[in-house]
Amino acid sequence: MKNTNLSPLRLYIVPILVLLSIILLVPLVLMPQIQRIRDKNLELKGSSERLKMLETKLDALEQIDETDESQKLIEVEEAVPSGKDLAPFVVGVRRLAGQAKLTVVEMELKPGKVATQSATVSATKKLKAVAAKEAKEEDKDKINVSLGLKGNLADFEKFLKKIERAKRLLGVYSIEISQQKEDKKFKFDLGISVPLKELSSRGDIVAASLPEYTPFHQKVFDFIGDFINYTNVAVQKVKTGVKDPFK
Amino acid sequence: MAEDINLLPEVTEKEVKKGVYQRTVNMAAIIALLIVAAILLALFGYQFFLASTAKRIDSQTKSAEQEISNQRSKEITRRALVGKLDVANIFLASSTPYSEAMVKILGVFKKSGMTLVESTFKDAGQISISGEAKSSKNFGKLVDGLTDEKLSDTFDRVRLVSLTGVEKEPYKFTIDLRFLKKGLMEATGSAQKK
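Here it is as structure tokens:
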């Protein structure tokens, strides 16, 4: 039988135990702990950044004069409305044309995705409005209008000047002018685009940074502030889905 | 006397060295263990510090969120206002000030004694004008007017598309040109400067 000499092991029992402890402690305690600290640090960094952002936002919010901005919003709403309320728009365009001594002979509205049957407006025999059904061509943030006018060139020039400085904003993107043979008057076919901006509430916006109201925004606000509102008319609404809505 | 004499000095020296070596190794092992323990302790301490910091940040965040929620109406107003002004700005910048083009074209027509019969204004300021001229002199005036140096910042690419003349009838022509102005704010700004 072989006699094993355990004396060196007994002599170095302390370092051996220490070594074993270290070997066990490093992967089982030390490394996971370092990983946890690393994760926590990252989490903390994110939280700190968010807190900093919230504090910045809070400072910015406290500097806002709510009354002033609400007043501005009411004015801007006249230029860029939230909804596709067509009746005041139709009345406004007719007012504009009337002031420039032009006659509205045709109007076709393409009110976009929220258009319904009731959005089709027919004001007079000369005014024809048809809501377009082709959703593919429609844009959510604007209404496209085809407008037919009749009159002379000088009056049309006045009309163009007025439309470029009108509230709500009306953008002419195409014009076709042709002289009528019978009465030598001119027919004007215009493509008009009307911008919209719906109020959207997108989930939790607490963490989202507050948009800045820059001097440039003020410049735009001042610029459109001088525009004339032709669409500020209250149009009485009638019942829908009934045989005679005027009763 | 003989008892005090070390008869095996080399063996004793070896034993002594062994003892010193063993003590050194033990001491080193204990120091290493202590270092590891200290590192672990420091790590636990740091983790505790991180946890308490996270707790503090969390409570500050909740309080800030609450304050922001209390001022929600301000935020909604600001977002709506800036959003609408951005839309207005894009609209104003992308719109073509056709009234200015119309004024200039009609001015040239008036000066040259011409009659406008047809015209189209399309996107990117592409304009086509058709009209009638009583004489070639009138037509010459029109071309001179449209290509005048003063209008070089307003129109370019003036191109005669067609010109027909039949005896005892006015000349009929079509001219294409490009209107250079873009943006309603810019147009109004330059108009105000003038």
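These protein sequences, in sequence, are chains A and B. Everything in the first sequence is counted per the numbering used here, starting at 14 for the first residue and increasing by one. Everything in the second sequence is counted per the numbering used here, starting at -16 for the first residue and increasing by one. Every residue, glycine too, gets a C-beta built ideally from N, C-alpha and C.
Partners in chain B for residue i, counting only beta-carbon separations shorter than 7 angstroms
i	result
R63/A	T44
L166/A	L89, L99
R49/A	Q30
L86/A	T60, A63, L64
V93/A	K67, V70, A71
Beta-carbon proximity of residue i to residue j, cut-off 8 angstroms
i	j	result
L64/A	Q43/B	yes
I176/A	L183/A	yes
S82/B	N121/B	no
F138/B	G114/B	no
I50/A	L33/B	yes
I73/B	I88/B	no
K180/A	A92/A	yes
D168/A	E189/A	no
L160/A	I205/A	yes
A220/A	M44/A	no
V103/A	M120/A	yes
M97/B	L125/B	yes
K85/A	L75/B	no
V118/A	V158/A	no
V27/A	I13/B	yes
A37/B	E56/A	yes
F199/A	A113/A	no
Y226/A	L109/A	no
Contacts of residue i in chain B (Cβ-Cβ under 8 angstroms)
i	result
P40/A	The contacting residues do not exist; P40/A stays about 12 angstroms from chain B at best.
V31/A	A12, I13, A15, L16
Q46/A	L23, L26, F27, Q30
F102/A	The contacting residues do not exist; F102/A stays about 15 angstroms from chain B at best.
V118/A	By Cβ distance, chain B contributes nothing, its closest Cβ being about 17 angstroms from V118/A, past 8 angstroms.
I35/A	A15, L16, V19
Interface partners of residue i on chain A, CB under 7 angstroms
i	result
R61/B	I77, E82, L223, P224, Y226
G66/B	K210
S102/B	I190
L167/B	E177
K57/B	L74, I77, E79
S82/B	E170, L173, K174, E177
K105/B	S187
A47/B	L64, L67, E68, L71
L229/B	Given a span of -16 to 177 for chain B in the structure shown, any question on residue 229/B remains unanswerable.
Under 9 angstroms by beta carbon: chain A residues contacting residue i
i	result
E179/B	Since the displayed chain B opens at -16 and closes at 177, residue 179/B lies outside it and no answer follows.
S52/B	V219
P153/B	Under the 9 angstroms cutoff, chain A gives no residues; its nearest Cβ is about 13 angstroms from P153/B.
M97/B	Those within 9 angstroms of M97/B in chain A number zero; the least Cβ separation is about 12 angstroms.
T137/B	What T137/B touches in chain A: nothing, since even the nearest Cβ is about 15 angstroms away.
I(-12)/B	Neighbours of I(-12)/B on chain A: none; closest Cβ ~29 angstroms, over 9 angstroms.
I158/B	By Cβ distance, chain A contributes nothing, its closest Cβ being about 14 angstroms from I158/B, past 9 angstroms.
Per DSSP, the bridge partner or partners of residue i
i	result
N157/A	K123/A, S206/A
E189/A	D202/A, T103/B
L162/A	V117/A, F201/A
R142/B	D159/B
T147/B	K155/B
G184/A	S206/A
I241/A	A179/A
Residue i: CB within 7 angstroms of a non-hydrogen atom of the ligand ATP
i	result
G148/B	This structure lacks the ligand ATP; in fact it carries no ligand of any kind.
Beta strand (DSSP E) segment containing residue i, residue limits
i	result
L160/B	154 to 162
Range of the contiguous alpha helix (DSSP H) that encloses residue i
i	result
S95/A	Segment: none, S95/A is in no alpha helix (DSSP H) and carries neither H nor E.
P224/A	Counting along the chain, P224/A falls outside any alpha helix (DSSP H), and DSSP gives it neither H nor E.
F32/B	-8 to 53
Partner residues on chain A for residue i, Cβ-Cβ distance less than 8 angstroms
i	result
A37/B	K53, E56, L57, S60
D41/B	S60
Partners in chain B for residue i, counting only beta-carbon separations shorter than 9 angstroms
i	result
G184/A	F74, L75, S77, S78, T79, L167
Y25/A	Q5, V8, N9, A12
L109/A	Near L109/A there are no residues of chain B at all, since even the closest Cβ is about 13 angstroms away, more than 9 angstroms.
I237/A	L68, A71, L75
Any chain C beta carbon closer than 8 angstroms to residue i
i	result
V233/A	Of the protein chains in this structure, namely A and B, none is chain C.
- Taking the runs of the beta strand (DSSP E) that are 3 residues or longer, which of them lie wholly in the stretch 79 to 138 of chain B? Fully enclosed beta strand (DSSP E) runs of 3 or longer: 98 to 104, 109 to 116.
- Query: Which ranges does the alpha helix (DSSP H) cover as unbroken runs of at least 4 residues, wholly within the stretch 19 to 78 of chain A, from first to last along the chain?
  - Reply: If one requires a minimum length of 4 residues, the alpha helix (DSSP H) runs lying completely within the stretch 19 to 78 of chain A are 20 to 24, 26 to 38, 44 to 76, in chain order.
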